[in-house]
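A.B. asks: Below is one structure. I have some questions about it.
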Amino acid sequence: LMTRAINTIRTGIQHLLDKHSREYKIMKNGWRLFLKKYGNLETAHRKYMRGLNEYITEEEAITLVFKSFPVLEAAYLVYQEALEAMDKRSPELIHALISTYRPIGSAMDVTIGTFKRILKGILESLRCPWSNGKIEGINRRLKQIARTAYGYQNLGNYMRRIRIQMKYGKY
């Protein structure tokens with residue numbers, strides 16, 4: 025939800041900008057920068073940024089955008105706090121983030137409102153070490169087999185395909 029909120033804010037700002045401005049080009053071609061953890065941004069080595077046609081560090085690029093659009097910066101900071109809390113698996117940090125959040129008039133407000141509504145589930149998912157990722161992966165694989173095997177006239181062939189995948193698939 026937070027990733028979607030960041031992208032919604034970013035694209036909303038993009039629509040207001042001139043397509044030839046530096047900020048627009050950074051947001052258009054460097055959209056992944058706004059989803060990266062701040063600690064993983066390149067701060068020392070300048071790289072050629074396509075579209076912008078200049079050498080710039082990733083940190084300089086997002087700082088340039090944040091100078092012009094503080095709403096995007098505020099949403100980005102909330103996103104970074106949430107990433108940190110999830111990495112540390114800290115219910116206290118998430119609870120603090122949600123309880124101290126002040127509305128900024130953006131899509132992030134809706135996301136935090138949703139988090140407040142389902143806070144109990146979020147906190148519980150951070151407390152317990154289990155994940156249903158493996159089961160979701162199996163379900164996705166079975167649905168893919170069903171899509172590609174749509175034309176099978178014989179149900180036995182379909183079931184054999186599933187058994188083969190379950191036997192030799194990586195789970």
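So for the sequence shown, my numbering puts the first residue at 25; every next one is plus one. Built from N, CA and C at the ideal position, the CB exists for glycine as well.
(1) When the Cα atoms are used, what is the spatial distance from GLY129 to GLY180?
(2) Look up LYS144 in the DSSP assignment and say whether it is helix, strand or coil.
(3) With distances taken from CA atoms, which of GLU148, LEU107 and THR81 is nearest ILE30?
(4) Determine the closest residue to GLY63 out of GLN104, ALA85 and GLY54, with distance taken between C-alpha atoms.
(5) Are there 16 or more other CB atoms within 10 angstroms of the CB of GLY54, so buried, or fewer, so exposed?
(6) Assign ALA120 to one of two classes, buried (16 or more other C-beta atoms within 10 Å of its C-beta) or exposed (fewer than that).
(7) From what residue to what residue does the beta strand (DSSP E) around TYR79 run?
C.D. replies: Let me spell this out:
(1) Here the question's residue 129 lines up with position 105 in the sequence shown. Here the question's residue 180 lines up with position 156 in the sequence shown. Rounded to the nearest angstrom, the two C-alpha atoms are 56 Å apart.
(2) Taking the sequence shown and counting its residues from 1, one reaches residue 144 at position 120. The answer is helix: DSSP assigns LYS144 an H, G or I state.
(3) As a working mapping, residue 30 is identified with position 6 in the sequence shown. When only C-alpha atoms are compared, the closest one is LEU107.
(4) For this step, residue 63 is matched to residue 39 along the sequence shown. Minimum Cα distance to GLY63 is reached at GLN104.
(5) As a first step, residue 54 is located in the sequence shown; it is residue number 30 there, counting from the start. Answer is buried; the Cβ neighbour count reaches 16.
(6) Residue 120 sits at position 96 when you count from the first residue of the sequence shown. Under this definition ALA120 is an exposed residue.
(7) What you label residue 79 is simply residue 55 of the sequence shown in a count that begins at 1. Its beta strand (DSSP E) spans residues 78-80.
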